[in-house]
Amino acid sequence: MSDAYKVTETTRVKRLAKRGNYDREVVHAILDEAPLCHVSVVVEGRPRVLPTLHWRSGERFYIHGNSKNGLFQAMRAGAEAAVAVTLIDGWVLARSAFHHSANYRSVMLVGRFQEVTDEAELMAEYEAMMNKIHPGRWEQVRWPNPVELKQTAMMAMDLVEVSAKVRVGPPVDDAEDYALPVWAGVVPLRLEKGEPIKDTTPHPLTA
Ligand SMILES: Cc1cc2nc3c(=O)[nH]c(=O)nc-3n(C[C@H](O)[C@H](O)[C@H](O)COP(=O)(O)OP(=O)(O)OC[C@H]3O[C@@H](n4cnc5c(N)ncnc54)[C@H](O)[C@@H]3O)c2cc1C
Numbered sequence: 176m177s178d179a180y181k182v183t184e185t186t187r188v189k190r191l192a193k194r195g196n197y198d199r200e201v202v203h204a205i206l207d208e209a210p211l212c213h214v215s216v217v218v219e220g221r222p223r224v225l226p227t228l229h230w231r232s233g234e235r236f237y238i239h240g241n242s243k244n245g246l247f248q249a250m251r252a253g254a255e256a257a258v259a260v261t262l263i264d265g266w267v268l269a270r271s272a273f274h275h276s277a278n279y280r281s282v283m284l285v286g287r288f289q290e291v292t293d294e295a296e297l298m299a300e301y302e303a304m305m306n307k308i309h310p311g312r313w314e315q316v317r318w319p320n321p322v323e324l325k326q327t328a329m330m331a332m333d334l335v336e337v338s339a340k341v342r343v344g345p346p347v348d349d350a351e352d353y354a355l356p357v358w359a360g361v362v363p364l365r366l367e368k369g370e371p372i373k374d375t376t377p378h379p380l381t382a
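In this note's numbering, the protein residues as written are 176 to 382.
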């Protein structure tokens, strides 16, 4: 398999093309680090977007949710979806208002989600999802029962039409503006895990 995704007319980055990236490793790293994505589908002629958790196994991208989720119903009927996965790494403060920006790593996918119905894939992917939320979690928790599995749908898209876009580094100002007495640089932003807070709710059946 090639190390890069094939560029299509849809996935070719046009604006600031130098920030475009199709390298599988870059795409995978962004997908794996980002906790959530936004999935967009046109439902009955109107655009809809869904913020949701996602995870990746190899060359497949997964989301899950209530079986009756409106976007999933449209996907089952064959609607194409677009997905945006975004990590913001910093505010870029330029000397002019115009050149303010953000440092980021993002991925966009376009394609069709298919419902995952194979039981072995379902269980393996719930394990992958749990372990993305918290490594080793799957081995500690009660696994989904048949009723819970029925209430939930899992949708998967093969990574085919994929692009990444990455901005790094300081602001890029107009040459004459570097003389202005204005602070310029990058304010880093990061998403961090905090100190865990234990659930102390009493056992509802014995309290
Ligand atoms: C955190 C963040 C903040 C941003 N803020 C702004 C902003 O304020 N204003 C603004 O105009 N743009 C912003 N962008 C960039 C924005 O996502 C688009 O890349 C840009 O607006 C160009 O859009 P376009 O439709 O002209 O792209 P085009 O270059 O025409 O898009 C063609 C194809 O390139 C790929 N592509 C384009 N953008 C991305 C991307 N971000 N990630 C992965 N693939 C991509 C897609 O496959 C797309 O179909 C931001 C991006 C991020 C991640």
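Glycine included, every Cβ here is placed at the ideal spot set by N, Cα and C.
Beta-carbon proximity of Y279 to T292, cut-off 8 Å: Y279 is not a Cβ neighbour of T292, given a cutoff of 8 Å.
Host beta strand (DSSP E) of Y301 (start-end): According to the DSSP assignment, Y301 belongs to no beta strand (DSSP E) but to the alpha helix (DSSP H) extending over E294 to I308.
Distance cut-off 7 Å: M283 Cβ against heavy atoms of ligand 1: Yes, the Cβ of M283 comes within 7 Å of a heavy atom of ligand 1.
Counted within 10 angstroms of its Cβ, other Cβ atoms place S281 as buried (16 or more) or exposed: By the neighbour-count rule (16 or more Cβ atoms within 10 Å), S281 is buried.
Under 8 Å between C-beta atoms of A328 and F247: The answer is yes: Cβ separation under 8 Å.
With 16 other Cβ atoms within 10 Å as the buried cut-off, status of I205: The residue is buried, with at least 16 neighbouring Cβ atoms inside 10 Å.
Boundaries of the beta strand (DSSP E) in which H213 is found, first to last residue: Counted as a single uninterrupted DSSP element, the beta strand (DSSP E) harbouring H213 occupies residues L211 to V218.
Three-state secondary structure assigned by DSSP to W358: Reduced to three states, the DSSP call for W358 is coil.
N- and C-terminal bounds of the beta strand (DSSP E) containing G245: Premise fails: G245 lies in the alpha helix (DSSP H), G245 to R251, not in any beta strand (DSSP E).
K340 beta carbon less than 8 Å from that of R194: Contact: yes.
H378, enclosing beta strand (DSSP E) - first and last residue: Element bounds for H378: n/a, residue is neither H nor E.
Span of the beta strand (DSSP E), counted from its first residue to its last, around D264: Looking at the DSSP string, the run of the beta strand (DSSP E) that includes D264 is A256 to L268.
Heavy atom of ligand 1 within 7 Å of Y279 beta-carbon: Under cutoff, so the answer is yes.
Straight-line Cα distance separating D352 from V188: Here the alpha carbons of D352 and V188 stand approximately 29 Å from one another.
Uninterrupted alpha helix (DSSP H) stretches inside the region 311–357 (no shorter than 4 residues): The region 311–357 contains these whole alpha helix (DSSP H) runs: 321–326.
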